[in-house]
Amino acid sequence: MIELTEQQIEAIENPLAGPQQVVHPRTKETFVLIRLDEYERLQRNVYDDSPWTREELHALAWEASEGSDWDEYDSTSEKS
Numbered sequence: 000m001i002e003l004t005e006q007q008i009e010a011i012e013n014p015l016a017g018p019q020q021v022v023h024p025r026t027k028e029t030f031v032l033i034r035l036d037e038y039e040r041l042q043r044n045v046y047d048d049s050p051w052t053r054e055e056l057h058a059l060a061w062e063a064s065e066g067s068d069w070d071e072y073d074s075t076s077e078k079s
């Protein structure tokens, strides 16, 4: 675990500042510093491991078939 500097503590205690950005000095990548409870809330909203509903399965099947040529299958079934 990394402890915050005094400057960082002052920055995160400012309620108007919002999430603090932190820059990795070597890579220049930017990260956002948020409270753990806020991170956990965001994780709960992003990942849903509940069983799929019938509507979700239907939508997934529809999306998967968009690239298929369904006319080919329809014309074959009509000829039979």
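Residue 78 in numbering that gives the first Met the number 0 sits at position 79 of the sequence shown, with consecutive numbering throughout.
Built from N, CA and C at the ideal position, the CB exists for glycine as well.
Since the model is a prediction, treat every value here as computed from it, not as a measurement.
Residues that DSSP places opposite residue i in a beta bridge
{"i": "residue 104", "result": "Missing from the structure shown is residue 104; the chain here goes from 0 to 79 and no further."}
Own chain, CB closer than 6 Å to residue i, minus 5 neighbours either side, in chain order
{"i": "residue 21", "result": "30 and 32"}
Beta-carbon contacts of residue i that lie in its chain and below 7 Å, excluding the five residues immediately before and after
{"i": "residue 10", "result": "16 and 19"}
Other residues of its chain near residue i: CB distance less than 8 Å, five sequence neighbours each side excluded
{"i": "residue 28", "result": "22"}
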